[in-house]
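Take a look at the structure set out below.
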Amino acid sequence: MPADAYATEHIPGAAHYSFDSAYFKSEYIKFDLYPPEVFQKYIRLLGVNNNDQVVIYSRGAASGMMFASRPFWTFKV
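To convert, note that position 27 of the sequence shown is 15 in my numbering; the numbers rise steadily by one, no gaps.
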């Protein structure tokens, strides 16, 4: 969800997961993964800790699934 839409449409208590902050653009991949310790620092800044339950959601049909599945997969890695 874009930051401007998040400002008015998010679930109360939600934290905005920014692709621009969570990933970096490498030579061949637009949203490449940071090393786990760097990703963990970002997630901690959002207020997420080891035993927290995380709800990942987005909006839209195809793009919504992509933008919600990428963070899910990243947490699994």
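Where a beta carbon is used, it is the ideal one built from N, C-alpha and C, also for glycine.
Spatial neighbours of residue i in its chain, beta-carbon cut-off 6 Å, leaving aside the 5 residues before and after
i	result
F12	D20
Y(-6)	H4
Cβ shell of residue i (< 8 Å), same chain only, five flanking positions each side left out
i	result
S14	D20
Y5	L34, I44, P59
V36	A3, V42
A82	Here the chain comprises residues numbered -11 to 65, so residue 82 is not present and cannot be evaluated.
C-beta atoms of residue i and residue j nearer than 8 Å
i	j	result
A10	Y30	yes
Sheet register partners of residue i (DSSP bridge)
i	result
L21	Y11
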